[in-house]
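K.L.:
Structure in structure tokens, see below.
Protein chains: 2
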Amino acid sequence: MIAVLAGGVGAARFLVGLVGVVEPGEITAIVNTADDTVLHGLHVSPDLDTVTYTLAGAVNPATGWGLVGESFAAMDALDRYGAPTWFRLGDRDLGTHLYRTGRLAAGAHLSDVVAEVAAAWGLGLRLLPMSDDRVRTRLELVEGGEVAFQEYFVHLRHSVPVRRVRFEGAESARPAPGVLEALAEAETIVVAPSNPIVSIGPILAVPGIAEMLESRRERVVAISPIVGGTALKGPAGRLLVELGGESSVVGVARHLQARIGTLVIDEADRGLAPEVEALGMRCLVTATVMGTPEVAADLARAVLAASPLR
Amino acid sequence: MIAVLAGGVGAARFLVGLVGVVEPGEITAIVNTADDTVLHGLHVSPDLDTVTYTLAGAVNPATGWGLVGESFAAMDALDRYGAPTWFRLGDRDLGTHLYRTGRLAAGAHLSDVVAEVAAAWGLGLRLLPMSDDRVRTRLELVEGGEVAFQEYFVHLRHSVPVRRVRFEGAESARPAPGVLEALAEAETIVVAPSNPIVSIGPILAVPGIAEMLESRRERVVAISPIVGGTALKGPAGRLLVELGGESSVVGVARHLQARIGTLVIDEADRGLAPEVEALGMRCLVTATVMGTPEVAADLARAVLAASPLR
Numbered sequence: 000m001i002a003v004l005a006g007g008v009g010a011a012r013f014l015v016g017l018v019g020v021v022e023p024g025e026i027t028a029i030v031n032t033a034d035d036t037v038l039h040g041l042h043v044s045p046d047l048d049t050v051t052y053t054l055a056g057a058v059n060p061a062t063g064w065g066l067v068g069e070s071f072a073a074m075d076a077l078d079r080y081g082a083p084t085w086f087r088l089g090d091r092d093l094g095t096h097l098y099r100t101g102r103l104a105a106g107a108h109l110s111d112v113v114a115e116v117a118a119a120w121g122l123g124l125r126l127l128p129m130s131d132d133r134v135r136t137r138l139e140l141v142e143g144g145e146v147a148f149q150e151y152f153v154h155l156r157h158s159v160p161v162r163r164v165r166f167e168g169a170e171s172a173r174p175a176p177g178v179l180e181a182l183a184e185a186e187t188i189v190v191a192p193s194n195p196i197v198s199i200g201p202i203l204a205v206p207g208i209a210e211m212l213e214s215r216r217e218r219v220v221a222i223s224p225i226v227g228g229t230a231l232k233g234p235a236g237r238l239l240v241e242l243g244g245e246s247s248v249v250g251v252a253r254h255l256q257a258r259i260g261t262l263v264i265d266e267a268d269r270g271l272a273p274e275v276e277a278l279g280m281r282c283l284v285t286a287t288v289m290g291t292p293e294v295a296a297d298l299a300r301a302v303l304a305a306s307p308l309r
Numbered sequence: 000m001i002a003v004l005a006g007g008v009g010a011a012r013f014l015v016g017l018v019g020v021v022e023p024g025e026i027t028a029i030v031n032t033a034d035d036t037v038l039h040g041l042h043v044s045p046d047l048d049t050v051t052y053t054l055a056g057a058v059n060p061a062t063g064w065g066l067v068g069e070s071f072a073a074m075d076a077l078d079r080y081g082a083p084t085w086f087r088l089g090d091r092d093l094g095t096h097l098y099r100t101g102r103l104a105a106g107a108h109l110s111d112v113v114a115e116v117a118a119a120w121g122l123g124l125r126l127l128p129m130s131d132d133r134v135r136t137r138l139e140l141v142e143g144g145e146v147a148f149q150e151y152f153v154h155l156r157h158s159v160p161v162r163r164v165r166f167e168g169a170e171s172a173r174p175a176p177g178v179l180e181a182l183a184e185a186e187t188i189v190v191a192p193s194n195p196i197v198s199i200g201p202i203l204a205v206p207g208i209a210e211m212l213e214s215r216r217e218r219v220v221a222i223s224p225i226v227g228g229t230a231l232k233g234p235a236g237r238l239l240v241e242l243g244g245e246s247s248v249v250g251v252a253r254h255l256q257a258r259i260g261t262l263v264i265d266e267a268d269r270g271l272a273p274e275v276e277a278l279g280m281r282c283l284v285t286a287t288v289m290g291t292p293e294v295a296a297d298l299a300r301a302v303l304a305a306s307p308l309r
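Protein chains in written order, with numbering that gives the first Met the number 0: chain A, 0 to 309; chain B, 0 to 309.
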């Protein structure tokens, strides 16, 4: 069994590689839900949907999220009313949010809905939200004020300096049913190449999950989302710096130090392998930029091979 | 000033005629909201939207409700999840529901949202919901059980016998701001040709509104939605019968007897005028089937002329 801590686009691409080299039924992906937001009354789960749509082969390849061939008639109509539409929800994508919102209103747990949506798209792996409880990433800006994650990520285009990140509700959140069991039983626990602060961070903030990784640290393999000193996508690099670390594989290694036994870094960062190893973990150097599913599959094979206890 | 008690399609067509013959700024339409429903977490207001879209010239002419040239990508996507989609929400129409739901969630009153939506569509008349409070039409079926209005109207296609109709929440509902004032100041109060039981009934069930009509009965002119013994659209005829009345202009007159001073009936029902008058009201005979805006305008002129105190 393999458990994967997952954010959005990077994690989704890795999972596509992984289902190509391992029986999907052996995989449990534990997905960040601290980016979830309520827009116009609808519960939106960006990371869960990115993972689902990508694994279903239905994702928009140009963006890495949203559905391919999407239309935006509802958002265009909403513009008439002057409502904020900077978070563009596609018409077909709305079907998912309508379903999720209706089910949650009827009393279903998020993990129930995630399983139903995954089944509807024919996914073979098990998808779990990190928690059924409400956890929300909040970012305190250097210029003052605190914003919700999507406000920062989409509206402000993650281009403003951040002073502090917190995960509202995390202290009292419980891991979703099956999360701790999947981590306890996994031969390998993979930390996907997702933002270590705002994608992996919230998962680790749910009580019990970080502790489980620490106790099974030798089996935990992380893939660095930082390549050649910058994030392939999103604000991982600048957030690492703004919060007092550095934008490099060494910065990632330091951030995850207590929880991982192996860090996988890209060929571009080979020179930094000794520094990573000096932090008390193994360092595997391979191609990590998943431009194609083949690269993703090779990366998945390398990650599994890197797990010393498998 | 003119106040109009309004349901959906019939009322909307009458209002199109009315704005053609009276300064729109002189008109207040008080619209039924007991058909409102929450679908997939979204607050849907069918009668308000039908009136709005019709007056804006954007309604689907084939159905009399919904938007013309609409697409249904979100509903088609929702089908994947096996969610009930018998209430088909168009993509552009969803924009309205998303806006309404978001505003209500942010603490706005329904009457605020109605005014905003009406302004966005450039409507010149004043649109008011009958109440900002939650009132819901519930129908007890002869075969047993009680269903919500849309379940009866859309899902069951109003083809099952009804034993009783009630308006849940009406006792404690307050008329929306401006409703009683508009009725008190109106030279003419028009009861639009809407279903007297499930469209006009809920408006009259909001405490204060029926009393206001009774005290100004001489100024109240109703247009019969029953023509030649049947409703032009919907279940008005069979509901009148099932609830112990009759499907005729006389049945309508009896149902509204205490609240109206004049009933407008179609030429087809001319022979029944004496029976209507015998119930203690005036009876005006004219063309009431609004196949074109011109007929609607002529009807509006006739209604205003019928008001004895204008």
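All residues carry an ideal CB built from backbone N, CA and C; glycine is no exception.
#1: What are the boundary residues of the alpha helix (DSSP H) that B/His254 is part of?
#2: Do we get a CB-CB distance below 7 Å when we pair B/Ser44 with the residues of chain A?
#3: Quick one, which of B/Glu22, B/Leu14, B/Ala28, B/Val18 has its alpha-carbon nearest B/Gly177's?
#4: Anything in chain B within Cβ reach of A/Val116, meaning under 7 Å, just list it in chain order.
#5: By the 10 Å Cβ neighbour count, where 16 or more other Cβ atoms means buried, how is A/Val141 classified, buried or exposed?
#6: Beta-carbon within less than 8 Å of A/Val288's beta-carbon, same chain only, minus the 5 sequence neighbours each way: which residues are those?
#7: Please name the residue in B/Leu54, B/Leu97, B/Val164 whose C-alpha comes closest to that of B/Gly200.
#8: Per DSSP, what are the beta-bridge partners of B/Thr187 in this structure?
#9: If distances are taken between C-alpha atoms only, which option among B/Val263, B/Pro292, B/Ile259 comes closest to B/Cys282?
#10: Would you be able to state if there are at least three C-beta pairs under 8 Å between the region 234-242 of chain A and the region 169-176 of chain A?
#11: Can you say whether A/Arg162 is buried or exposed, counting buried as having 16 or more other CB atoms within 10 angstroms of its CB?
#12: What in chain B is Cβ-close to A/Ala104, meaning under 9 Å?
#13: Run through the DSSP bridge pairs and tell me what A/Leu127 is partnered with.
#14: Of the choices A/Ile1, A/Leu109, A/Gly16, whose alpha-carbon is the least far from that of A/Val8?
#15: Are the region 99-109 of chain B and the region 136-156 of chain A touching, with three or more C-beta to C-beta distances below 8 Å?
#16: So, under 8 Å CB-CB, A/Asp92 and A/Leu66 are touching, yes? Tell me the CB distance rounded to an integer number of Å.
#17: Does the Cβ-Cβ distance between A/Leu126 and A/Val113 come in under 7 Å?
#18: Run the CB neighbour count on A/Ser171, radius 10 Å, all protein chains shown included, and call it buried at 16 or more, exposed below.
#19: Quick check on the burial criterion: 16 or more other C-beta atoms within 10 angstroms. Buried or exposed for B/Thr229?
#20: Give, in chain order, every unbroken run of the beta strand (DSSP E) that is at least 3 residues long and sits entirely within the region 196-232 of chain A.
#21: For A/Pro160, which of A/Val134, A/Leu138, A/Ala181, A/Asp48 has the nearest alpha-carbon?
#22: Leaving out the 5 sequence neighbours to the left and right, which residues in its chain are closer than 8 Å to A/Glu276 when beta-carbon positions are compared?
#23: List the residues of chain B that A/Arg91 touches, going by C-beta distances under 7 Å, in chain order.
#24: Name the chain B residues that come within less than 8 Å of A/Gly313, Cβ to Cβ?
#25: Between the region 181-188 of chain B and the region 204-224 of chain B, can you find at least three pairs of beta-carbon atoms closer than 8 Å?
#26: Measure the beta-carbon distance from A/Val190 to A/Leu4 and round it to whole angstroms, keeping in mind my assumption that it falls under 8 Å.
#27: Hey, which unbroken runs of the alpha helix (DSSP H) at 4 residues or more fall wholly within the region 97-123 of chain B?
#28: If you drop the 5 nearest sequence neighbours on each side, which residues of the same chain put their C-beta closer than 7 Å to that of B/Val300?
#29: For a cutoff of 7 Å on Cβ pairs, would you count B/Leu97 as touching chain A?
#30: Can you tell me where the beta strand (DSSP E) with B/Val146 in it begins and where it stops?
#31: State the CB to CB distance for the pair B/Pro234 and B/His157, rounded to an integer number of angstroms; the pair is presumed to be in contact (CB under 8 Å).
#32: In three-state DSSP terms, what is B/His154?
#33: What span of residues does the beta strand (DSSP E) with B/Glu139 cover, start to end?
#34: For B/Gly121, return the contacting residues in chain A, with the cut-off set at a CB-CB distance below 7 Å.
#35: Note down, in chain order, each residue of its chain lying with its Cβ closer than 6 Å to the Cβ of A/Val251, except the 5 sequence neighbours on either side.
#36: Distance cutoff 7 Å, beta carbons only. Does A/Gly94 sit that close to anything in chain B?
P.N.:
The short version:
#1: 248-255
#2: no
#3: Answer by Cα proximity: B/Ala28.
#4: Taking the beta carbon of A/Val116 as reference, the chain B residues within 7 Å of it are Tyr80, listed in sequence order.
#5: exposed
#6: Val226, Leu231, Asp265, Val294
#7: B/Val164
#8: As computed with DSSP, B/Thr187 is found in a beta bridge with B/Ile1.
#9: B/Val263
#10: no
#11: exposed
#12: Per Cβ cutoff of 9 Å: Val37, His39, Gly40.
#13: A/Leu127 pairs with A/Ile29.
#14: Per the Cα distances, A/Gly16.
#15: no
#16: 5 Å
#17: yes
#18: Only exposed fits A/Ser171, as fewer than 16 other CB atoms lie within 10 angstroms of its CB.
#19: exposed
#20: 219-222
#21: A/Leu138
#22: Cys282
#23: Ala72, Ala73, Ala76
#24: Since the displayed chain A opens at 0 and closes at 309, residue 313 of chain A lies outside it and no answer follows.
#25: yes
#26: Their Cβ separation, rounded to whole angstroms, is 5 Å, which keeps A/Val190 and A/Leu4 in contact under 8 Å.
#27: Counting whole runs of 4 or more residues, the region 97-123 of chain B contains the alpha helix (DSSP H) stretches 109-119.
#28: It is worth fixing the name first, because residue 300 of chain B is Arg in this sequence and not Val. Answer for B/Arg300: Val20, listed in chain order.
#29: So yes, B/Leu97 belongs to the interface.
#30: 145-147
#31: 4 Å
#32: helix
#33: 135-140
#34: Here the premise fails: no neighbours, minimum Cβ distance about 10 Å.
#35: Pro195, Ser223, Ile225
#36: yes
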